[in-house]
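Engineer: Structure incoming, see below.
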Amino acid sequence: MYIVKSSFNLYKEEFRKIWILNGTITFPILIIYYIVSAFYQNYFFINYIPLAGDLTSYSLLLIGLWIVQIPFIQLAKTEGASNLNNLYKMFFGKLIPVYFAAVLYAFLVIVGTILLIIPGLILLVLFSFVPYALLIEQCSWKQSFIRSFQVCKQRFFPLLGILFILGLIEYLVELIALLTSNLLTTNYMVLALIQAVINMFFVPYGAILMSKVYGEWTGIYDWDSIEIG
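Note that numbering that gives the first Met the number 0 has the sequence shown beginning at 0, numbered continuously upward.
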């Protein structure tokens with residue numbers, strides 16, 4: 000409960016930074032995701048393989064979510080001490096390794112999902128701490144997979160519960176907003192904008208919360224003692 004409260008407090012204290020980052024990083028990436036995702040879903044639907052469109056969209060979502068979390072993980076790591084300049088430096092400096100790690104993560108999850116769904120869920124949880132290991136502990140992208148596996152296998156069900164609750168809350172809020180919006184318009188881009196704005200509320204908080212959970216479970220309590228990249 001302490002972590003939930005402290006994450007919310009940091010979100011409030013750094014609200015200005017968070018929303019500048021949202022406007023310059025989160026929003027553009029989410030809009031690109033919605034456009035590209037719609038293209039592939041329509042393409043595969045026309046070619047009578049809609050499942051391929053869904054899996055492509057899901058993999059792009061996993062990759063995009065890891066990328067947009069970069070500055071917020073750094074913000075949590077330094078307890079808000081990083082200025083915007085340092086946060087942007089961290090984002091562009093770690094963009095490539097996080098991207099490649101996210102591509103591998105998405106590939107593993109999709110393959111696991113195709114096999115029997117359950118393996119995909121297990122891999123989704125076991126490697127969900129990869130960006131946190133990469134950014135908070137400065138692991139290489141290969142080492143970050145090992146580190147995430149070590150931490151997550153010991154806390155599998157608590158972590159699954161956290162991910163489920165965060166996902167459920169966001170899903171319900173998004174569902175209510177979209178159902179309400181559908182009464183006024185069915186324009187895809189308008190609905191995509193609404194989804195993007197909703198995600199802009201949840202992504203930073205989720206990244207901050209998960210950063211603190213990672214710090215708690217790995218024994219990293221003195222955030223400022225960790226080297227800031």
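Heads up, the beta-carbon is just placed ideally off N, CA and C, and yes, glycines get one too.
For Glu12, name the three-state secondary structure that DSSP assigns.
Structural biologist: DSSP places Glu12 in helix when its eight states are reduced to three.
Engineer: Does the ligand GTP have even one heavy atom less than 8 Å from the beta-carbon of Asn82?
Structural biologist: Inclusion of the ligand GTP in the displayed structure is not the case, the ligand content being empty and no account of it being possible.
Engineer: Determine the DSSP secondary structure at Phe156, reduced to helix, strand or coil.
Structural biologist: DSSP places Phe156 in helix when its eight states are reduced to three.
Engineer: Specify whether the segment 31-39 and the segment 165-185 touch according to this definition: at least 3 beta carbon pairs, one from each stretch, less than 8 Å apart.
Structural biologist: Judged by Cβ distances under 8 Å, the segment 31-39 makes no contact with the segment 165-185, as fewer than three pairs qualify.
Engineer: Given this structure, state the Cα-to-Cα distance separating Tyr42 from Ile28, to the nearest angstrom.
Structural biologist: Cα-Cα distance, rounded: 21 Å.
Engineer: Between Leu162 and Ser210, how many whole angstroms is the CB-CB distance? I'm expecting something under 8 Å.
Structural biologist: Not a contact, Cβ separation roughly 14 Å.
Engineer: Indicate the three-state DSSP secondary structure (helix, strand or coil) for Gln142 in the structure shown.
Structural biologist: Looking at Gln142 - three-state DSSP - the assignment turns out to be helix.
Engineer: Roughly how many angstroms lie between the CA atoms of Lys141 and Ala100, to the nearest whole one?
Structural biologist: Approximately 8 Å, taken between the alpha carbons.
Engineer: For Ile135 and Ile219, which I take to be in contact (beta-carbon distance under 8 Å), what is that distance rounded to the nearest angstrom?
Structural biologist: About 7 Å separates the two Cβ atoms, so the contact holds.
Engineer: Excluding five sequence neighbours on each side, which residues of the same chain lie with their C-beta closer than 8 Å to the C-beta of Phe148?
Structural biologist: Excluding residues within five positions, the ones whose Cβ falls inside 8 Å are Leu125, Phe126.
Engineer: Straight-line CA distance for Ile190 to Thr184?
Structural biologist: Here the sequence assigns Leu to residue 190, which means Ile is not the residue at that position. Their backbone Cα atoms lie some 8 Å apart in a straight line.
Engineer: Using beta-carbon positions only, say whether Ser139 and Pro96 come within less than 9 Å of one another.
Structural biologist: In this structure, Pro96 lies closer than 9 Å to Ser139 by Cβ.
Engineer: Where does the unbroken alpha helix (DSSP H) through Ala101 begin, and where does it stop?
Structural biologist: That run of the alpha helix (DSSP H) goes 83-115.
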